[in-house]
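Reviewing the structure listed below.
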Amino acid sequence: MSENFAVVTERLVKRFGDFVAVDHVSLEVEKGEIFGFLGPNGAGKSTTIRMLCGLLTPTEGRGSVNGLDIATQPEEIRRVIGYMSQKFSLYDDLTAEENIDFFAGMYGVPRDQRPERKRYVLEMANLSERRGALTCTLSGGWKQRLALGCAILHDPPVLFLDEPTSGVDPIARQAFWELIRQFSKTGHTVFVSTHYMDEAEYCHRLALMYRGKVIALGTPQELKQSLTSQQLFRLETADPLATMRALEGDGNIHSAVFGGGLHVAVAGGDRAEDRIRQKLAAQSIEVRRLEKIEPTMEDVFVATIEEEERKAA
Amino acid sequence: MSYRRLRAVFVKELHHITRDRLSLAMALATPLMFLLLFGYALSLDVDRIPTLVYDRDQTPQSRDLIRQFEGSRYFQVRRYVDHYSAIEHDINRSRVLMALVIPPDYSSNIAAGRRAAIQIILDGSDSNTASIALGYVQGLMRSYAVAPEVVDIRRGQMPSPPVDARLRVLYNSSLESKNYVVPGLIAVILQIIAALLTSLTIAREWETGAMEQLLSTPLRPAEMVLGKMFAYFAIGLADATIAVVVGLLIFQVPFRGSAVLMAVSTCIFLFGALFWGIFVSAATRNQLQAYQLGILSSFLPSFLLSGFVYSIENMPRAIQAITYIVPSRYAMTILKGVFLKGVGIDVLWGEFLFLALYATAVFFLAVRKLNQKIA
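If you read the protein sequences in the order shown, they are chains B and L.
Just so we're aligned: 295 in our numbering is position 281 of the first sequence, and the numbers increase by one with no gaps anywhere.
Just so we're aligned: 250 in our numbering is position 227 of the second sequence, and the numbers increase by one with no gaps anywhere.
This is the structure:
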């Protein structure tokens, strides 16, 4: 069954004592897909990835990577995956080239392929000129690309990236995602976690994770369309907090702080804008700006989480 | 086990070592500092004992006795006093260690053929030196008392059967402490340096998060342990060479045995000591803890339980039993044997075997610990 899928999990559970870090997660990631794992810190994204990489043993459930069972074949899995952990990128006191050589040794890149792979990585990271520079002198974006290069030296069919872009500037982030997209075009599967909602748009499919559970799954477009039962408005007033209080109490209206203003979701379609204006007028709050907008991934996320919490309550 | 991965770890560690110039300099300077400090300060020879003289007899006989003390290299007469309180005063301030008091009836007793007594006052707060000083006094008095006996023989009396003890000291004939301090010190130094070098190495991988990355690769614990060990072995070997050269050139310690035997046994001892540091590092996950535990577990046993400072024969039985698992005890026996006695593998094979077994055991222990921590 797992032949066509790069990553499969079935009701995967990880408990640390009483704490359930990953709660019955079932996923299927197709080969060549960029699969995004979205969620706040502590949602269980890293724990899931670490189980898939064979770094943690699942408490319950099953999983496979490239057809290999994560519980019984972790050694084999290590040969077919690349992994970039959240915390570590590279050895700072080694040069770019020495880092590449080290990881080429770790992954057992055949000797005759090494020069070519090394050149590929150096070009990809745009570091051909600075191959002899100590890694600690490289900027965040460069380091990130070099770390990515080191993780794919052995041309792994599946690549796991755990928050690869945290702490990197927006332009470098964009360049990084361009590399990931190229990598996936050549048939490689990329499993990436992030808490940057805007990065979700780069993924083919997404899983929203919250408190150990996958609460939504689909393409970015599908997830946004799931919000069509609602209309979304951008609202600006003098006092956002008072505005939020004024809009409380109506089960069909939900608001959240967003930038300098509010995003207000209204369920039930008809005359949504009028309903907002009426409510605010009743509290004599002046509306500076009210406009209908397309939902972003963050809106989807907020709406899904709120629904999840309502269900739990 | 993959030779490629082992080699990659080895090369990477060498890069770490050579990039960190300060640590490298310290690692190479430490044996020199240890040898110079301990080699000179840890002299266990007692001589030129500062001495006071209180001559209450003031006769040619008493002055002759004092000359015996002045002429000995073991005593140094600081000054003459005329009151007991002056002796107490100087001993309390640690200006002198000993006082010689000649009673007023000393010469009259000798003249009358009676036993003449003298009084020796010692600072017992340093009991070790005090008992050595007492031994010197007794030796001096014995030789001083020989002359009257000869006179007795001339008078035709039967002397008590003379026991003529002639001492022959083997191997360290001048009984200089540096000759056994330096070889022992080399073992202590290597044990400490090895633990210092390696104790941080795996803890650092955990702290930087590199371990997580390494674990996602096919690297196996045994390859990591061996790769790291061989990298630090290079420094350990340099340290050993420095220590031996300093011992031979600066301290002029005799070298009577086989250089090959010493080189091989030093390597095996280093393997064990380095694996121990790696084991400590794998067990703690934290650089500070690893460092402290590494120092403690290498310095204390090798200094106190190896027979380096305190002889094992005089220890309580329970402690003696512990010394059997202290590797530097065996390294010390080998080093002293090779340096001073010139004995070979036919005598030292037991110690040799222990060090080899110890290194193997600690290697497996380190790999197991790492496996445990990973799971």
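C-beta: ideal position from N, C-alpha, C; glycine also.
Checklist entry - Start and end of the alpha helix (DSSP H) containing Gln245/B? => result Counting from one through the first sequence, the residue named residue 245/B turns up at place 231. Premise fails: Gln245/B lies in the beta strand (DSSP E), 244-251, not in any alpha helix (DSSP H).
Checklist entry - When the distance is taken between beta carbons, is Val172/B closer than 8 Å to Ala20/B? => result As a first step, residue 20/B is located in the first sequence; it is residue number 6 there, counting from the start. As a first step, residue 172/B is located in the first sequence; it is residue number 158 there, counting from the start. Yes, they are a contact pair.
Checklist entry - Using DSSP with H/G/I as helix, E/B as strand and the rest coil, what is Gly68/B? => result Here residue 68/B refers to the residue found at position 54 of the first sequence. Three-state DSSP puts Gly68/B in coil, outside helix and strand.
Checklist entry - Quick one: Cα of Glu74/B to Cα of Leu26/B, how far? => result Numbered from 1 along the first sequence, position 60 holds the residue referred to as residue 74/B. Numbered from 1 along the first sequence, position 12 holds the residue referred to as residue 26/B. Answer to the nearest angstrom: the Cα atoms are 6 Å apart.
Item to check | Backbone secondary structure at Glu177/B - three-state DSSP | outcome: Against the first sequence, residue 177/B aligns to sequence position 163. Glu177/B: coil per DSSP, three-state reduction.
Next on the checklist: Do Leu294/B and Ala252/B have their beta-carbon atoms positioned less than 8 Å apart in this structure?
Outcome noted: The count along the first sequence starts at 1 and reaches residue 252/B at position 238. The count along the first sequence starts at 1 and reaches residue 294/B at position 280. In this structure, Leu294/B does not lie closer than 8 Å to Ala252/B by Cβ.
Checklist entry - Just the Cα atoms here: how many angstroms apart are Gly162/L and Met121/L? => result Here residue 162/L refers to the residue found at position 139 when the second sequence is read from its first residue. Here residue 121/L refers to the residue found at position 98 when the second sequence is read from its first residue. Spanning the two alpha carbons is a distance of roughly 16 Å.
Checklist entry - Can you tell me where the alpha helix (DSSP H) with Gly373/L in it begins and where it stops? => result The residue labelled residue 373/L in the question sits at position 350 within the second sequence. Unbroken alpha helix (DSSP H) run through Gly373/L: 368-397.
Checklist entry - Hey, out of Lys227/B, Tyr216/B, Lys199/B, Glu300/B, whose CA is closest to Pro187/B's CA? => result Start at 1 with the first residue of the first sequence, and residue 187/B comes out as number 173. The displayed chain sequence assigns Arg, not Pro, to residue 187/B. Per the Cα distances, Tyr216/B.
Item to check | Ala217/L vs Gly259/L beta-carbon contact at 8 Å | outcome: Counted from its first residue, the second sequence places residue 217/L at position 194. Counted from its first residue, the second sequence places residue 259/L at position 236. In this structure, Gly259/L lies closer than 8 Å to Ala217/L by Cβ.
Checklist entry - Under 8 Å Cβ-Cβ, which residues of chain C neighbour Pro241/L? => result Looking at the structure shown, chain C is missing, and the protein chains on hand are B and L.
Next on the checklist: So that I know if they touch, is there some Cβ in chain B lying closer than 8 Å to that of Leu238/L?
Outcome noted: Against the second sequence, residue 238/L aligns to sequence position 215. Output row for Leu238/L: interface = yes.
Checklist entry - Whose C-beta lies closer than 7 Å to the C-beta of Gly146/B among residues of the same chain, with five residues either side of it excluded? => result Looking up residue 146/B in the first sequence gives position 132. The residues are Thr109, Glu111.
Checklist entry - Short check: CB of Arg303/B to CB of Glu250/B, under 8 Å? => result The residue given as residue 303/B occupies position 289 in the first sequence. The residue given as residue 250/B occupies position 236 in the first sequence. Yes, they are a contact pair.
Item to check | C-alpha gap between Lys139/B and Glu246/L, whole angstroms | outcome: Against the first sequence, residue 139/B aligns to sequence position 125. Against the second sequence, residue 246/L aligns to sequence position 223. Contrary to the premise, residue 139/B reads as Ala rather than Lys in this sequence. One C-alpha to the other measures close to 29 Å.
Next on the checklist: Would you call the segment 32-50 of chain L in contact with the segment 92-110 of chain B, where contact means no fewer than 3 C-beta pairs closer than 8 Å?
Outcome noted: yes
Item to check | Reduced DSSP category for Gln315/L - H, G, I as helix; E, B as strand; rest coil | outcome: For the purposes of this step, residue 315/L is taken as residue 292 along the second sequence, with counting starting at 1. Helix, per DSSP.
Item to check | Beta-carbon proximity list for Ile446/L, same chain, < 6 Å, skipping 5 on both sides | outcome: Residue coverage of chain L in this structure runs from 24 to 398, which leaves residue 446/L outside it and unanswerable.
Next on the checklist: Give me, in chain order, the residues of the same chain whose beta-carbon lies closer than 6 Å to that of Gly365/L; leave out the 5 immediate sequence neighbours on both sides.
Outcome noted: Working through the second sequence from its first residue, we reach residue 365/L at position 342. Correct list, in chain order: Arg279, Gly280.
Checklist entry - Per DSSP, Ser207/B is paired with what? => result Looking up residue 207/B in the first sequence gives position 193. Its beta-bridge partners are Phe51/B, Asp176/B.
Item to check | For Pro309/B, three-class secondary structure by DSSP | outcome: Reading the first sequence from its first residue, position 295 is the one you call residue 309/B. Coil, per DSSP.
Item to check | Rounded straight-line distance, which links the Cα of Leu358/L to that of Arg409/L | outcome: What is shown of chain L runs 24 to 398, which leaves residue 409/L out entirely.
Next on the checklist: Whole angstroms are fine: how far does the CA of His218/B sit from the CA of Arg29/B?
Outcome noted: In the first sequence, the residue the question calls residue 29/B occupies position 15. In the first sequence, the residue the question calls residue 218/B occupies position 204. If I take the Cα positions, the gap works out to 29 Å.
Checklist entry - So which residues of chain B does Ser46/L contact, with C-beta pairs closer than 8 Å? => result Counted from its first residue, the second sequence places residue 46/L at position 23. Near Ser46/L there are no residues of chain B at all, since even the closest Cβ is about 11 Å away, more than 8 Å.
Checklist entry - Would the beta-carbon of Val69/L fall within 8 Å of that of Ala156/L? => result Along the second sequence, read from residue 1 onward, the residue named residue 69/L stands at position 46. Along the second sequence, read from residue 1 onward, the residue named residue 156/L stands at position 133. Yes, the pair counts as a contact, with Cβ atoms nearer than the cut-off.
Checklist entry - Rounded to a whole number of angstroms, what is the C-alpha to C-alpha distance between Ile185/B and Leu136/B? => result Taking the first residue of the first sequence as position 1, residue 185/B is located at position 171. Taking the first residue of the first sequence as position 1, residue 136/B is located at position 122. Each residue's alpha carbon lies about 19 Å from the other.
Checklist entry - Going by Cα to Cα distance, which pick from Asp149/L, Arg137/L, Thr289/L, Tyr159/L is closest to Leu123/L? => result Walking along the second sequence from the start, residue 123/L turns up at place 100. Comparing Cα-Cα distances from Leu123/L to each of Asp149/L, Arg137/L, Thr289/L, Tyr159/L, the minimum goes to Tyr159/L.
Checklist entry - Are Ile84/B and Gly163/B closer than 8 Å when you measure CB to CB? => result Position 70 of the first sequence holds residue 84/B. Position 149 of the first sequence holds residue 163/B. Cβ atoms of Ile84/B and Gly163/B: not closer than 8 Å.
Checklist entry - Does the beta carbon of Leu108/B come closer than 8 Å to any beta carbon on chain L? => result For the purposes of this step, residue 108/B is taken as residue 94 along the first sequence, with counting starting at 1. Yes, Leu108/B lies at the interface with chain L (some Cβ there is under 8 Å from its Cβ).
Checklist entry - If we ignore side chains and look at the alpha-carbon of each, how far apart do Gly201/B and Ser298/B end up? => result Residue numbering aside, residue 201/B sits at position 187 when the first sequence is read from its first letter. Residue numbering aside, residue 298/B sits at position 284 when the first sequence is read from its first letter. C-alpha separation (whole angstroms): 58 Å.
Checklist entry - For Met181/L, which three-state DSSP category applies? => result Taking the first residue of the second sequence as position 1, residue 181/L is located at position 158. The predicted position of Met181/L is uncertain, since its pLDDT is 40 and thus under 50; no value can be drawn from it.
Item to check | C-beta atoms of Pro241/L and Leu393/L nearer than 8 Å | outcome: Residue numbering aside, residue 241/L sits at position 218 when the second sequence is read from its first letter. Residue numbering aside, residue 393/L sits at position 370 when the second sequence is read from its first letter. Not in contact: Pro241/L and Leu393/L (Cβ atoms no closer than 8 Å).
Checklist entry - What span of residues does the alpha helix (DSSP H) with Ser108/L cover, start to end? => result The count along the second sequence starts at 1 and reaches residue 108/L at position 85. Segment 107-115, the alpha helix (DSSP H) holding Ser108/L.
Checklist entry - Given that Glu112/B touches chain L, what residues does it touch there, using C-beta distances under 9 Å? => result As a first step, residue 112/B must be located in the first sequence, where it is residue number 98. Chain L residues near Glu112/B: Val34, Lys35, His38.
Checklist entry - Which two residues bound the contiguous beta strand (DSSP E) that contains Glu74/B? => result If you number the first sequence from 1, residue 74/B lands on position 60. From DSSP, the beta strand (DSSP E) with Glu74/B extends over 74-79.
Next on the checklist: By alpha-carbon positions, which one of Thr233/B, Gln239/B, Gly275/B ends up nearest to Phe247/B?
Outcome noted: Here residue 247/B refers to the residue found at position 233 when the first sequence is read from its first residue. Cα-wise, what sits closest to Phe247/B is Gly275/B.
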